[in-house]
Amino acid sequence: MRSRAAAPARQRLRRVPAAGPSRRVLRARMSTRLAWLTCAILVCFCIVVGKLVVLQVTGPDRYVDRARFQRLSAETLRAPRGAIYDRNGQPLVTSVDRQSIWADPKLVVDPRGTARALAPVLGMDEVTIHSSLLTSGRFVYLQRQVPDETAAAVQALALPGIGTLAEPTRNRPAGDLAEAVIGSTDIDNFGVSGLERQLDELLRGTDGEMVAERGPLGQSIPSGERRVQPAVRGSNVVLTLDRDLQAMVEIALANQVDAIQAAGGTALLMNPTTGEILAMATVKRDASTGLVRNDAENFSVSGAYEPGSVMKIVPVAALIDKGVVGPQTPQDVPSSILVHDAVFVDDHPIILDPVTRPRATVLDVMAESSNVGTIQLAQKLGDRALASALAVFGFGRTTKMGLDAEVGGSVPLVEDWYGTTLPSIAIGHTITATPLQVLTAYNAIANGGEWVRPKLISSQIDASGYQVDRPAADRQRIMKPETAAAMRTMLSAVVNDGTGSKAAVEGYEVAGKTGTAWKLRANGNYGDGKDRDYMATFVGFAPAENPRISMIVVIDEPRTAYYGGSAAAPVFGAVARQVLAGFDVMPYAAGNPRSPTGNNLRALPSAAIPATTLRPTTTPPPPPTTAPPPSTAPGPTPTATSSPTATSRG
């Protein structure tokens, strides 16, 4: 049995509660916390409600636009570049679309796998493609202006972030025809040379824009938003060139350059009355292959050279216009002449005959291209009068016909002339000119005495079809009609009986002049003996009376025939024969080639789009015949420090 004394001990061991807050205090604390939580929730709710009010009431458009911007992408629509046509509406260069391959690196899911798939299709290195796909931008070209088959193959792969883009590029239906005139564009379709560069702003047009809604992988959403601002194509340009005549001139020129092993050549065909340029060609022999091809440099306007005897018209025409001499004025012409400290000689002196030609005439001086006779005539004119005549004919300045590449040549200031300057200039040395300047001077003789500014651009047509014609070429009378007629008579004698016989065209009277000059080298000298290079020239027009075409041919560094009459004149004959026949210019009466049957000459068509004209044949002319080089060589007049003798031959 338990003792009674044990009970108080257990009571003493009973647990005593720890001291702490009462229930009342705990309930108060809980109520406070709940109140703060409720307040916090209310504040958050108010913030959310306030934000919703801002979004839905005060500024929803801004956020709608931001969301739309994330889905929309803008694409530039390249404006088609304007076309360039010839005078008859035949295209010389147009614009066509080519597909380019592009990527948005942000949308490419597997850069390495994408590069691996594209490499064989694009013919590119996989590493190169992979590197492009890792760039930080949103647009990168992988390959531009690919064939349609390549673009279709890329589209068939359906790779995320890879797309195709149509870009306009230039197309030449006639190949490299008139390449030096038209010029070229870069990969972005901006003009870099020729008319493409000069008329770039006119041809380029105004780009448009397409905005489309796209999905997360860059694909267009069919039912999504789409806005298009169409591109406005550039204006078309109509030239005075004739595509068929251009091809004819290029073929004849290339044939001759190849036949006489020349380094290159230039030919320019014009209408001498209107100043319109019908053909403008420059060819060059490729040093590596030996093939003769069209050259990108337009030597007709940018190539200033010493033209030689074709300049003899200047002192002769000036004297005739002053009434000092005429074609039949007698003139005693020795075999050589001493001027200052230099002796000038004729390569082939005028041959006299006691019965038929007891004395030489001014006509003989021109027909036989006599250096001595021309110098005698220039001495009658004097320094200042000769300098003035050169300026009147347009030498020493550009023609301002509108090509940026045109140069004006050089004529020494008359104050700087010394003892041999006058005779040198009289026979085409110590002066430089472009083929365009020389032909423009001859046009004044052909058309009756008016200097006419050359014209290459006929009109322009804007995107709406509105055509603006360029004004007629400026013209200025520089000699009397009687002077021009006398000069035509003498230039006809050059072809009929003198140095230009290979420019003759059966059934037609042709007038022209030959010229041969040493070629000035980059080091400032002409070389010596057999080491010399030459520039051979023929310039003329046909028919001699009431001419319809004029043409200059310049052959650079001919080898097997280097006189103007044998190297350049055959090109004129080959082209003139086809042009005159193709445009129904009636020949003279059979049996009397000097007597015309009438004046039934059909003018060349004016530039227009379109035009119905009789087209000349484009059958390639036969290679012109060439003559072996003469035993003696022409050359410029020497100065006091050069050889005591000099020759220059037409």
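The numbering of the sequence shown is our numbering, which starts it at 908 and goes up by one.
Even for Gly, the Cβ is constructed at its ideal location relative to N, Cα and C.
To the nearest angstrom, report how far apart residue i and residue j are at their CA atoms.
i: residue 957; j: residue 936; result: 31 angstroms
i: residue 1025; j: residue 998; result: 37 angstroms
i: residue 929; j: residue 938; result: 15 angstroms
i: residue 1161; j: residue 1090; result: 19 angstroms
i: residue 1427; j: residue 1112; result: 44 angstroms
i: residue 1236; j: residue 1286; result: 16 angstroms
i: residue 1455; j: residue 1053; result: 46 angstroms
i: residue 1481; j: residue 1272; result: 27 angstroms
i: residue 1135; j: residue 1339; result: 56 angstroms
i: residue 1021; j: residue 1102; result: 42 angstroms
i: residue 1429; j: residue 1040; result: 50 angstroms
i: residue 1477; j: residue 1402; result: 11 angstroms
i: residue 1284; j: residue 1221; result: 10 angstroms
i: residue 947; j: residue 1007; result: 59 angstroms
i: residue 1057; j: residue 1457; result: 49 angstroms
i: residue 1461; j: residue 1153; result: 16 angstroms
i: residue 1005; j: residue 1076; result: 7 angstroms
i: residue 1504; j: residue 1414; result: Low confidence applies to residue 1504: its pLDDT is 35, below 50, so where it sits in the model is not reliable, and the reading given next is rough at best. Spanning the two alpha carbons is a distance of roughly 11 angstroms.
i: residue 1110; j: residue 1000; result: 11 angstroms
i: residue 1036; j: residue 1066; result: 14 angstroms
i: residue 964; j: residue 945; result: 27 angstroms
i: residue 1027; j: residue 1034; result: 12 angstroms
Alpha carbons only, please: which of the options is nearest the one belonging to residue i?
i: residue 1249; options: 1483, 1302, 1267, 1326; result: 1326
i: residue 1395; options: 1452, 1083, 1476, 1179; result: 1452
i: residue 1418; options: 1409, 1424, 1398; result: 1398
i: residue 1379; options: 1178, 1115, 1077; result: 1178
i: residue 1108; options: 986, 1021, 1265; result: 986
i: residue 1367; options: 1011, 1464, 992, 1137; result: 992
i: residue 1495; options: 1038, 1223, 1449; result: 1449
i: residue 1251; options: 1331, 1297, 952; result: 1331
i: residue 1146; options: 1414, 1096, 1085; result: 1085
i: residue 1341; options: 1355, 1187, 1473, 1282; result: 1187
i: residue 1459; options: 1424, 1468, 1431, 1420; result: 1420
i: residue 1190; options: 1061, 1282, 1202; result: 1202
i: residue 1049; options: 990, 1357, 1029; result: 1029
i: residue 1149; options: 1167, 1183, 1137; result: 1183
i: residue 1361; options: 1323, 1207, 1431, 964; result: 1207
i: residue 1210; options: 1315, 1225, 1386, 1246; result: 1315
i: residue 1471; options: 1423, 1489, 1410, 1097; result: 1423
i: residue 1246; options: 1226, 1253, 1282; result: 1282
Does DSSP put residue i in a helix, in a strand, or in coil?
i: residue 1080; result: coil
i: residue 1416; result: coil
i: residue 1432; result: coil
i: residue 1062; result: helix
i: residue 1575; result: Outside the shown range of the chain (908 to 1557) lies residue 1575, about which nothing can therefore be said.
i: residue 1362; result: strand
i: residue 1355; result: coil
i: residue 1035; result: helix
i: residue 1325; result: coil
i: residue 994; result: coil
i: residue 1379; result: coil
i: residue 1269; result: helix
i: residue 1282; result: helix
i: residue 1495; result: coil
i: residue 1441; result: strand
i: residue 1450; result: coil
i: residue 1457; result: strand
i: residue 1048; result: strand
i: residue 1117; result: strand
i: residue 1054; result: coil
i: residue 1399; result: helix
i: residue 1139; result: strand
i: residue 1041; result: coil
i: residue 1007; result: strand
Is it the case that the CB of residue i approaches a heavy atom of the ligand MN more closely than 7 angstroms?
i: residue 1235; result: For the structure depicted, the ligand MN is absent and the ligand set is empty, with no information on it obtainable.
- Message: Between the stretch 1215 to 1233 and the stretch 1252 to 1265, can you find at least three pairs of beta-carbon atoms closer than 8 angstroms?
- Response: no
- Output the residue ranges of the alpha helix (DSSP H) runs that lie fully inside the stretch 1284 to 1323 and measure 4 residues or longer, sorted by chain position. 1290 to 1299
- Continuous beta strand (DSSP E) assignments of at least 3 residues falling wholly in the stretch 1234 to 1261: 1243 to 1246, 1249 to 1252
- Is the stretch 1198 to 1206 touching the stretch 1362 to 1379 in the sense that three or more CB pairs, one from each, lie closer than 8 angstroms? no
- At which residue ranges does the stretch 1163 to 1245 contain complete beta strand (DSSP E) runs of 3 or more residues, listed in the order of the chain? 1171 to 1177, 1184 to 1192, 1199 to 1201
- Message: Using a Cβ distance threshold of 8 angstroms, determine whether the stretch 1222 to 1233 contacts the stretch 1427 to 1436, with at least three qualifying pairs required.
- Response: no
- Item | Three CB pairs or more closer than 8 angstroms across the stretch 1165 to 1174 and the stretch 1060 to 1072 | no
- Task: Report yes or no: do three or more beta-carbon pairs, one from the stretch 1262 to 1280 and one from the stretch 1307 to 1315, lie closer than 8 angstroms?
- Result: no
- Query: Does the stretch 1291 to 1305 come within contact of the stretch 1274 to 1282, defined as at least 3 CB pairs closer than 8 angstroms?
  - Reply: no
- Task: Please confirm if the stretch 1098 to 1107 is in contact with the stretch 942 to 962, defined as three or more CB-CB distances below 8 angstroms between the two stretches.
- Result: no
- Query: So, do the stretch 1352 to 1366 and the stretch 1240 to 1247 have three or more beta carbon pairs nearer to each other than 8 angstroms?
  - Reply: no
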